[in-house]
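Working notes, beginning with the structure itself.
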Amino acid sequence: MAFVTACSGKDAEYTGEVIFSKDRVVSLSFDGLGVEWGTYEDTNKTVKGSWNRVLSAVDRLNPALVRCMTNLDWFVVDFDKHGTEDVEDDTWGYNFNNKQMVNACDVLDYCQENDVRVAFGVWNVIGNADQKKDIYGMIPNASADPRWAKMCADLMEYLIKVKGYTCISWFVNTNEPNITGNEGSSKNYYNTYEKWEQGVKNIRKAFDAIDLKYLDIIGGDTTGIAGCEVYLPKIASKLSNVVNNYGIHMYITQMAIEKGTYKDTIRSLYNTTRKKDSDLGKTKQMYIWESGLLTGKNDTTDCQALIRNYEYGYLMADYTIQSILGGVNGVVYWDLDDAMHFMYGATGATAKEWGMFSTLASASPAMQEYRPWYHSSVLLTNLFRPGNVLYDAGGLSQGMRVLATVSEDRTKGGYCVVNSTTRPITGEFVIEESLKDSGKLYIYVYNEANLKLGEDGFVVPNYVVDGNLNKKTSITVPAKGFVVVSSERL
Amino acid sequence: MKKVLLIILALSIVISCAAGFAACSSKDDENVITIRNLYFNDWDGSDDYTKMLEEKFGISFKVSSYSWSDWSEQVSGSVNARKLPNVFQDDVDSYNFANTYRFYAEDGDVKALPDDLSKWPNVKALIDGISDIEHFKIDGKLYGIPVAKNIKGGSEDFAPFTYVYRRDWALELQSKLSFPVPADDVYTWAQFNELLNVFYQEKCGSGNVYALADVEWGFPSVINFYKDAPHCFVYGANGKVVSNYATDKYLQGLAVAKDLVDRQIYGYPQYESNEGDANKAYYGGRIGVFYENLSLTNYTTLRKQIKNINPKLSTEQINNMTAIMKVQGPDGKYTLEGQEDWFSMTFFSAKISDAKMEKILDIMDYLLSEEGTLFGLYGEEGYDYEKVRLDSGKAYDYKWNDTYGIKLLSWTKETGTGNYVNPFNGARYLRYTCTLGYDIIDKDPLTDATAYPILKAWTDFMQAQETAGQLRVLREPAEVKWLATEKKSLYAGGMLEDANASVETYLYSEKSDLEKYKKEVTTGTWTTILDEINAALGK
Chain C
104 MAFVTACSGK DAEYTGEVIF SKDRVVSLSF DGLGVEWGTY EDTNKTVKGS
154 WNRVLSAVDR LNPALVRCMT NLDWFVVDFD KHGTEDVEDD TWGYNFNNKQ
204 MVNACDVLDY CQENDVRVAF GVWNVIGNAD QKKDIYGMIP NASADPRWAK
254 MCADLMEYLI KVKGYTCISW FVNTNEPNIT GNEGSSKNYY NTYEKWEQGV
304 KNIRKAFDAI DLKYLDIIGG DTTGIAGCEV YLPKIASKLS NVVNNYGIHM
354 YITQMAIEKG TYKDTIRSLY NTTRKKDSDL GKTKQMYIWE SGLLTGKNDT
404 TDCQALIRNY EYGYLMADYT IQSILGGVNG VVYWDLDDAM HFMYGATGAT
454 AKEWGMFSTL ASASPAMQEY RPWYHSSVLL TNLFRPGNVL YDAGGLSQGM
504 RVLATVSEDR TKGGYCVVNS TTRPITGEFV IEESLKDSGK LYIYVYNEAN
554 LKLGEDGFVV PNYVVDGNLN KKTSITVPAK GFVVVSSERL
Chain Y
400 MKKVLLIILA LSIVISCAAG FAACSSKDDE NVITIRNLYF NDWDGSDDYT
450 KMLEEKFGIS FKVSSYSWSD WSEQVSGSVN ARKLPNVFQD DVDSYNFANT
500 YRFYAEDGDV KALPDDLSKW PNVKALIDGI SDIEHFKIDG KLYGIPVAKN
550 IKGGSEDFAP FTYVYRRDWA LELQSKLSFP VPADDVYTWA QFNELLNVFY
600 QEKCGSGNVY ALADVEWGFP SVINFYKDAP HCFVYGANGK VVSNYATDKY
650 LQGLAVAKDL VDRQIYGYPQ YESNEGDANK AYYGGRIGVF YENLSLTNYT
700 TLRKQIKNIN PKLSTEQINN MTAIMKVQGP DGKYTLEGQE DWFSMTFFSA
750 KISDAKMEKI LDIMDYLLSE EGTLFGLYGE EGYDYEKVRL DSGKAYDYKW
800 NDTYGIKLLS WTKETGTGNY VNPFNGARYL RYTCTLGYDI IDKDPLTDAT
850 AYPILKAWTD FMQAQETAGQ LRVLREPAEV KWLATEKKSL YAGGMLEDAN
900 ASVETYLYSE KSDLEKYKKE VTTGTWTTIL DEINAALGK
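Here it is, written out as structure tokens:
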């Protein structure tokens with residue numbers, strides 16, 4: 104038996120043997136983890152030459168999923184109503200050669216070359232939320248407006264058929280349609296579920312007409328439990344033949360994560376949806392397309408105060424495990440880089456700071472560096488790979504969450520153990536499924552005292568020991584931290 | 400006129416506002432409490448603490464918020480449509496009393512509180528502690544709960560409506576001033592005016608930077624140093640109630656304001672400014688001296704907005720950009736408006752059952768209790784905090800009382816600022832339906848540790864000046880303020896708005912007509928209402 108002590112094991116609570124048994128399969132084929140890598144709104148605000156740094160970061164993160172959003176307002180040109188109120192005779196063109204399209208293509212180029220599956224979408228319908236300044240008149244009908252489906256189909260035809268981005272697997276029909284916001288400042292103000300549903304149907308029809316039948320539409324992209332509870336059951340009842348991905352956004356409190364109640368919440372949502380659509384978990388999956396902590400969110404600036412804290416990394420690891428235990432089969436972190444998105448107010452544009460790092464030229468060196476939760480995410484995205492089988496274990500101490508993973512060919516695997524309590528926990532961990540692995544165990548310990556970075560600035564194992572995942576390994580997990588044990592260097 | 404403890408509205412909302420629709424639902428489930436409140440704008444009711452409250456009381460909450468910019472319209476819209484949430488909050492004051500509180504009661508929109516509140520001792524104590532409470536009773540019944548600022552009593556009787564200024568500009572322009580920039584921010588009237596002139600000459604060349612501006616409802620603030628009452632009514636020399644807007648003192652102040660407008664010292668376009676615009680201009684660095692309601696929330700938000708624009712600013716720099724002025728008027732005294740010990744009222748829809756109202760009162764009473772207060776302030780004992788006996792020698796973060804302190808456990812600080820992050824505890828927000836919690840500000844982890852001491856020092860200073868007779872507190876005579884005569888009830892709110900419009904018209908007209916102005920603020924409705932008031936008072 105191998106022994107690894109990441110901290111003072113003698114003071115640790117002993118949880119006993121933790122067996123990831125064959126009969127505790129959580130997912131037969133996991134779809135992986137990923138990150139929001141949106142279209143950069145203004146690359147003039149980034150550090151010169153920072154794109155290579157972004158690519159290095161993404162390389163190391165190795166996401167299986169990427170969500171990339173854009174704005175059709177950037178591309179629609181020469182709009183003409185021809186003097187009538189009939190929207191059917193409106194005409195317009197596109198400028199797909201501008202900077203924003205270049206920025207979107209930069210992201211998609213990487214994803215196409217690296218087999219990353221992409222959910223590509225448009226934040227909102229076009230137009231100005233202030234009706235007095237709006238020339239399109241699309242906002243009252245939201246995505247149900249017939250012009251919207253045409254525009255979206257034209258955009259996706261350009262990206263997939265002209266540019267060849269077959270990495271795009273899903274289309275997002277507007278961001279968080281359940282957030283209606285304030286009149287005059289939110290383009291969603293007049294949206295309803297019924298309008299959104301009509302929009303999805305229109306877009307499905309438009310995609311089919313241009314032979315993009317393979318392209319799925321995310322079912323919801325709604326945020327928060329309350330919003331999902333409204334949208335998902337309706338989607339399951341009315342659109343089950345149109346969407347195959349129940350996509351949600353979840354921003355969760357620290358308390359819900361640490362106490363483990365989040366898992367029950369997400370499980371309840373999953374089960375409710377599955378009752379209405381029995382294909383969920385079989386041919387259809389539920390993903391979290393935006394994930395993050397609610398605790399620490401500043402509503403005014405849309406920034407996250409905790410992203411530079413080590414706690415954020417451990418909490419997101421716990422969040423990830425609980426999401427998967429709750430039935431979710433893919434999780435996308437919000438988000439990669441502070442420099443992607445901005446709030447636009449009276450005093451100009453301010454960056455939405457939620458990233459794993461920042462390439463903003465205006466950011467201090469401390470803000471630019473890779474944040475602890477970037478490194479914790481690297482461990483998770485590289486451990487829980489697409490196609491892997493995932494296992495749970497029973498008999499855990501309170502505040503402990505675990506998840507094991509085994510590759511399809513049974514040659515790789517590992518597990519993650521999160522400890523949300525204020526004292527270390529020791530246990531003996533073993534995966535029952537037989538593996539022909541490397542004979543080495545790469546052990547990574549995540550908390551402020553133990554996270555280990557190499558000379559290149561990326562995470563490296565704290566320990567490399569001879570061992571096998573099928574043999575008991577004694578691990579001590581630090582308080583409010585987590586440990587990853589892998590048969591491969593991550 | 401809305402002089403309130405404004406929480407600046409966030410334009411982006413985190414999580415679903417689907418609850419907002421539920422608040423308007425006609426289906427009135429006995430176990431679902433719909434609540435709408437101004438202070439709920441960054442809370443959606445889905446947190447763990449709310450769930451704990453829901454389990455404790457066997458109910459569930461559906462919460463939604465009002466937006467500051469059209470709070471009154473949102474309430475009146477719900478009243479007119481007869482789609483009121485179970486519990487709602489409205490901005491009640493003496494000028495809109497007849498159109499809000501009295502109207503709701505007489506129209507049958509709201510439910511009277513139980514006559515006997517002894518089952519809810521904390522709620523009863525809160526209500527009994529409100530200074531004007533007798534004025535709210537209609538046929539002996541109370542139709543709402545005034546939201547107390549401080550349930551322990553002893554709050555100051557003056558409002559923090561005062562000047563925040565760019566001390567950094569003053570220091571930068573020291574060589575242009577005939578006096579040293581005061582370290583204590585005390586300015587004589589002459590120094591105040593000199594500073595404004597220097598700001599105008601040295602900073603306002605670009606055309607969109609202004610020496611002096613007021614929050615929209617506070618314009619023109621300089622008249623405060625001359626007038627004797629805050630709003631419409633004041634006792635004249637003859638012992639009768641007269642128009643405050645036409646007294647010799649008011650007209651003297653009006654002339655001063657006119658001079659400042661004409662000289663572009665008051666260069667900010669107050670006449671076309673929307674609510675909140677001047678505030679934005681101040682934190683955007685375009686105003687030198689700014690009159691605002693410096694409640695802790697507003698003052699903290701102002702500082703945060705400045706920090707948001709330039710995150711590299713140090714606390715000292717922000718202090719210099721948001722120093723609070725202490726201006727002595729022409730008579731050498733400080734002047735502030737008086738304030739009530741409550742702000743706004745919480746109402747219960749007339750449609751709810753007695754049992755449901757009692758359940759809501761149970762929750763309110765709990766939130767006002769020590770246990771509920773601790774829960775709302777710190778969270779769950781054992782997870783979020785623990786009590787530490789003072790005599791144990793153990794460290795604690797806040798002294799709660801003479802027996803124990805509070806040691807925070809789960810609370811997390813933001814890297815860089817060191818500020819505690821908001822755990823979105825629903826009990827904290829629900830408590831705002833009864834009290835704004837001024838008595839626990841210094842024990843609150845979310846209180847801005849850099850802003851609070853500055854405001855506290857200002858408050859202490861002004862309290863000392865009041866004690867020494869050096870502070871004039873502008874108050875409307877209570878017997879006039881709450882006098883509910885027929886036409887005053889109907890028209891006083893409109894009179895106030897019209898009078899302020901007349902002031903603005905006079906100040907900004909190219910050919911200002913003082914006689915026309917005086918006529919507007921003394922005749923017509925004014926005559927009728929003043930006669931009515933004087934008759935009612937036996938004058």
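These protein sequence lines are chains C and Y, in that order.
For the first sequence, this note's numbering assigns the number 104 to the initial residue and increments by one for each residue that follows.
For the second sequence, this note's numbering assigns the number 400 to the initial residue and increments by one for each residue that follows.
Note that CB positions come from ideal geometry on N, CA and C, so glycine has one too.
Check                                                                                                                                : Outcome
Three-way DSSP call (helix, strand, coil) for Asp237 (chain C) in this model                                                         : coil
8 Å Cβ cutoff met for Ala850 (chain Y) and Thr699 (chain Y)                                                                          : yes
Residues in the stretch 325 to 347 of chain C having any Cβ partner in chain B nearer than 7 Å                                       : Among the protein chains of the structure shown, namely C and Y, there is no chain B.
C-beta neighbour in chain Y for Ser577 (chain C), strict 8 Å                                                                         : no
Touching by the beta-carbon criterion (3+ pairs, under 8 Å), the stretch 763 to 775 of chain Y and the stretch 812 to 830 of chain Y : yes
Contact set between Thr398 (chain C) and chain Y, taken where Cβ atoms lie within less than 8 Å                                      : Thr811, Val820, Asn821, Pro822 and Phe823
Residues that Asn707 (chain Y) contacts on chain C, provided the C-beta gap is smaller than 7 Å                                      : Thr404 and Thr453
Closer than 8 Å to chain C by CB, Ser471 (chain Y)                                                                                   : no
Exposure of Lys426 (chain Y), with buried meaning 16 or more beta-carbon neighbours within 10 Å                                      : Annotation note: pLDDT 44 at Lys426 (chain Y) (below 50); position unreliable, coordinate value reported separately. With fewer than 16 other Cβ atoms within 10 Å, it is exposed.
Candidates Y:Ala628, Y:Ala511 and Y:Val820: closest to Met756 (chain Y) by CA position                                               : Y:Ala511
Ser445 (chain Y) at chain C interface by Cβ criterion, 8 Å                                                                           : yes
Alpha helix (DSSP H) segment containing Phe591 (chain Y), residue limits                                                             : Trp588 to Lys602
Nearest-angstrom Cα separation, counted from Asn436 (chain Y) out to Ala422 (chain Y)                                                : Bear in mind that a pLDDT of 38 at Ala422 (chain Y), under 50, signals an unreliable position, so the number given afterwards is only what the model happens to contain. Ala422 (chain Y) and Asn436 (chain Y): Cα-Cα distance of roughly 11 Å.
Gln669 (chain Y) (DSSP reduced to helix, strand or coil)                                                                             : helix
Nearest-angstrom Cα separation, counted from Asp512 (chain C) out to Ser537 (chain C)                                                : 11 Å
Residue-level contact to chain Y via CB, Met419 (chain C), 8 Å cutoff                                                                : no
Integer-rounded CB distance, given that Phe774 (chain Y) should sit under 8 Å from Leu835 (chain Y)                                  : Contact doesn't hold; Cβ gap of about 17 Å is too wide.
Meets three-Cβ-pair contact criterion under 8 Å: the stretch 323 to 335 of chain C and the stretch 494 to 504 of chain C             : no
Any chain Y beta carbon closer than 8 Å to Ala408 (chain C)                                                                          : yes
His478 (chain C) and Leu397 (chain C) closer than 8 Å at C-beta                                                                      : no
Delimiting residues of the beta strand (DSSP E) encompassing Arg504 (chain C)                                                        : Met503 to Val509
Outcome for Arg962 (chain Y) when other beta-carbon atoms lying within 10 angstroms are tallied against a minimum of 16              : Only positions 400 to 938 of chain Y appear in this structure, which leaves residue 962 (chain Y) out of reach.
Identity of the residue in C:Met389, C:Asn155 and C:Lys202 nearest Asn147 (chain C) by Cα                                            : C:Lys202
Residue closest to Phe133 (chain C), alpha-carbon to alpha-carbon, out of C:Ser467, C:Leu486, C:Arg526 and C:Thr295                  : C:Leu486
At least 3 beta-carbon pairs within less than 8 Å: the stretch 340 to 350 of chain C vs the stretch 312 to 324 of chain C            : yes
Continuous alpha helix (DSSP H) stretch holding Ala309 (chain C): start and end                                                      : Tyr296 to Ala312
Residue-chain proximity (Thr449 (chain Y), chain C), Cβ-Cβ < 8 Å                                                                     : no
Exposure of Gln600 (chain Y), with buried meaning 16 or more beta-carbon neighbours within 10 Å                                      : exposed
Segments assigned alpha helix (DSSP H), at least 4 residues, entirely inside the stretch 698 to 764 of chain Y                       : 714 to 720
Residue-chain proximity (Cys423 (chain Y), chain C), Cβ-Cβ < 8 Å                                                                     : Confidence in Cys423 (chain Y) is poor, its pLDDT being 37 and thus under 50, which makes the residue's placement unreliable; the coordinate value appears in the next sentence. Chain C, which has no Cβ nearer than 8 Å to the Cβ of Cys423 (chain Y), makes this no.
DSSP three-state assignment for Asn276 (chain C), whether helix, strand or coil                                                      : strand
Residue-level contact to chain C via CB, Lys711 (chain Y), 8 Å cutoff                                                                : yes
CB contact flag (Gly584 (chain C), Tyr417 (chain C), <8 Å)                                                                           : yes
8 Å contact criterion, which Ser530 (chain Y) and Glu780 (chain Y) should meet: CB distance rounded                                  : That pair is no contact at about 34 Å.
Local conformation of Thr356 (chain C) per DSSP, three classes                                                                       : coil
Under 7 Å (Cβ pairs) to chain Y, residues found in the stretch 274 to 286 of chain C                                                 : Asn281, Ile282, Thr283, Gly284 and Asn285
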